[in-house]
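As structure tokens, the structure follows; a few thoughts come after it.
In this note's numbering, the protein residues as written are 1496 to 1935.
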């Protein structure tokens, strides 16, 4: 059985009721249940997001990807099952297991008894909808193929039709220790799942063929298979007891092929520190290397809706310092944060800007007559100001800025100064609304 769209189907009141039910069972609650419920209600009911320039608030369900989503889903389903089994009086499966929204069970009664139970489950809750599959021989549960053989349940590895087996390419820029461990981990997973050696043998051949297509060397694949073949299923399923006390200091660095010689040099010379009386207590063991992910193409292309806070938070607009930037000389004339607004009120710039700031509302100030021009741009401030400067120098007709700073007006381009006023969110509508508010 499977719950259809569990995360987005849970009413907030049902989730809060389930959480209250389990919190009230605590023996010695250090934090009151009401406090937990209030915080949970805040997360569930105030989930807002923006789409196509409009803001929405989620009125039902749990947001996909939120950290508390799986916990809320499991608690809601657990409460649902307690109520279900306490009220159902007919025959039900003697084996019933669930992982979040996926359910598997085994029944020994008649097919009619099982269908009656499934019908009762489907009608028990108005907000939970179920799909199901009944088989006398085998069923699929997550990545398992479960079948009955000689009155025993046998498990085998199952690959979904949509599984592309798109494992990490071996030549990709990742630590080789990470890349080499992937085939072993997948074979270990197959060893744990497959209850029959023949099934594991077939599954391992498929897995190795997937990695061959991802350009993994035969030597690495053969070595991983030999390691797994020395482990039986009972050993693979047993939990490892981790009793070691690791005192090694982590050396966290960004991964890059050029850091390998540096790491080797550190390990070669760490013995010098361990022998020195003044440092040997600091380094009882060699450091352990940990790599952080370097900025990839995705990080460069994707940006958050909220602009990143600059390291310098001084309010105002400042030159970027780039060579050949046409905007820097104009920005340098006005670093004041208080300017006289178009409506006669005083406006304060409370954010830090440079010529490279983007997605903002800006103001052109005439130093001779104190006239203001308010504009907006999603591009860099320097790009938009360059267009204004070009229109002034070419005295383009129909452009108010060019008209103001050219004869017969007494004002010239030397009187021009620019300041950014507001940093905006990603939407064009947000930026235009902020511009209109500043003008009005």
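Positions of the beta carbon are idealized from the N, C-alpha and C atoms, including for glycine.
Here residue 1644 is exposed. Its C-beta has fewer than 16 other C-beta atoms within 10 Å. At a Cβ-Cβ threshold of 8 Å, residue 1716 and residue 1705 do not count as neighbours. Closest by C-alpha distance to residue 1678, out of 1521, 1905 and 1719, is 1719.
Under the three-state reduction of DSSP, residue 1655 is assigned to coil, being neither helix nor strand.
With respect to residue 1825, residue 1911 sits close: the two C-beta atoms are nearer than 8 Å. DSSP links residue 1643 through a beta bridge to 1648.
When rounded, the separation of the alpha-carbon atoms in residue 1506 and residue 1663 is 39 Å.
The segment 1539 to 1547 makes no contact with the segment 1592 to 1607, as fewer than three CB pairs between them are under 8 Å. In this structure, residue 1916 lies away from residue 1868, with their beta-carbon atoms at least 8 Å apart. In the three-state DSSP reduction, residue 1786 falls in the strand class (E or B). Contact between the segment 1871 to 1887 and the segment 1842 to 1857 is present: 3 or more CB-CB pairs across the two stretches fall below 8 Å.
In this structure, DSSP gives residue 1559 a state outside helix and strand, which the three-state scheme calls coil. Here residue 1782 really is in contact with residue 1746; their C-beta atoms are around 4 Å apart, less than 8 Å. When 1609, 1530 and 1755 are compared, the shortest CA-CA separation from residue 1496 is found for 1609. Between the alpha carbons of residue 1786 and residue 1589 lies a gap of roughly 48 Å. 1576 is the residue among 1576, 1611, 1581 and 1586 whose C-alpha sits nearest the C-alpha of residue 1594. Going by DSSP, residue 1582 is part of the alpha helix (DSSP H) stretching over 1564 to 1582.
A contact is defined here as three or more CB-CB pairs under 8 Å, and the segment 1650 to 1662 meets this definition with respect to the segment 1686 to 1697. By the neighbour-count criterion, in which a residue is buried when 16 or more other Cβ atoms sit within 10 angstroms of its Cβ, residue 1629 is exposed. When only Cα atoms are considered, residue 1725 and residue 1531 end up about 48 Å apart.
Excluding residues up to 5 positions away in sequence, 1570, 1573 and 1574 lie with their Cβ nearer than 8 Å to the Cβ of residue 1517 in the same chain. Cβ-Cβ distances below 8 Å link residue 1919 to 1854, 1855, 1856, 1871, 1925, 1926 and 1929 in the same chain, with the five nearest sequence neighbours on each side left out; the list follows chain order. Counting only the Cα atoms, residue 1708 lies some 47 Å from residue 1618. The alpha carbon of residue 1557 has as its nearest neighbour, out of 1522, 1760, 1509 and 1732, the alpha carbon of 1509.
Between the alpha carbons of residue 1601 and residue 1591 lies a gap of roughly 7 Å. Residue 1498 sits away from residue 1622, with the two beta carbons spaced by 8 Å or more. Less than 8 Å separates the beta-carbon of residue 1900 from that of residue 1887. In this structure, residue 1812 sits near residue 1848, with a CB-CB distance shorter than 8 Å.
DSSP places residue 1746 inside the beta strand (DSSP E), whose first and last residues are 1745 to 1749. Residue 1847 is bridged by DSSP to 1811.
Sorting 1546, 1551, 1818 and 1525 by C-alpha distance to the C-alpha of residue 1922 places 1546 at the top. Under DSSP, residue 1550 shares a beta bridge with 1545.
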